[in-house]
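Numbering (the numbering used here), first residue to last: 3 to 141.
Below, the structure is given as structure tokens:
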């Protein structure tokens with residue numbers, strides 16, 4: 003089933019202290035077919051809003067580097083959006099750090115560990131192959 007979707011112009015504003023907000027102004031609409039209910043709900047949640055304000059913050063993730071993260075700012079004016087930016091950006095940074103740490107913790111729990119007998123072989127390479135021409139480990 004086809005759904006209405008907004009067509010928007012994008013304006014970007016940035017302060018001297020690097021706070022950045024994107025303003026998405028509605029200029030029209032068209033139709034499309036959503037892939038799933040979640041996508042349909044996402045489109046419907048912003049369809050009747052003339053101006054969307056999206057905050058942009060850059061977060062430094064260990065071992066990955068800087069990443070831009072966008073977050074919705076519930077506001078009716080650009081000034082109101084900038085007034086709300088600081089607290090929302092802090093919340094987003096804390097949530098991203100928490101999610102990243104959970105991801106790393108879960109990944110570390112999934113590391114495969116060799117059985118004890120293979121670890122003994124790895125710790126004593128002279129016992130692996132008496133010819134000195136390489137090592138063979140059998141599983």
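We put the beta carbon where it would ideally sit given N, CA and C, even for glycine.
Annotated as distal: residue 66 and residue 98, with beta-carbon spacing of 7 Å or more.
Rounded to the nearest angstrom, the Cβ distance from residue 35 to residue 7 is 10 Å, too far for a contact under 8 Å. Here residue 55 is buried: its Cβ has 16 or more other Cβ atoms, across all protein chains shown, within 10 Å. From the listed residues 4, 14, 21 and 10, the smallest Cα separation to residue 92 is found for 21. Judged by DSSP in its simplified three-state form, residue 53 adopts strand.
Under DSSP, residue 31 forms a beta bridge with 8. Restricting attention to 13, 64, 26 and 88, the CA atom closest to the CA of residue 49 is found in 26. With a 10 Å radius around the Cβ and a threshold of 16 neighbouring Cβ atoms, residue 74 comes out exposed.
Residue 5 and residue 14 do not touch by the CB rule: their CB atoms are close to 27 Å apart, not below 8 Å. The Cβ-Cβ distance between residue 94 and residue 58 does not fall below 7 Å. The residue from 47, 37, 53 and 38 with its alpha-carbon nearest to that of residue 28 is 53.
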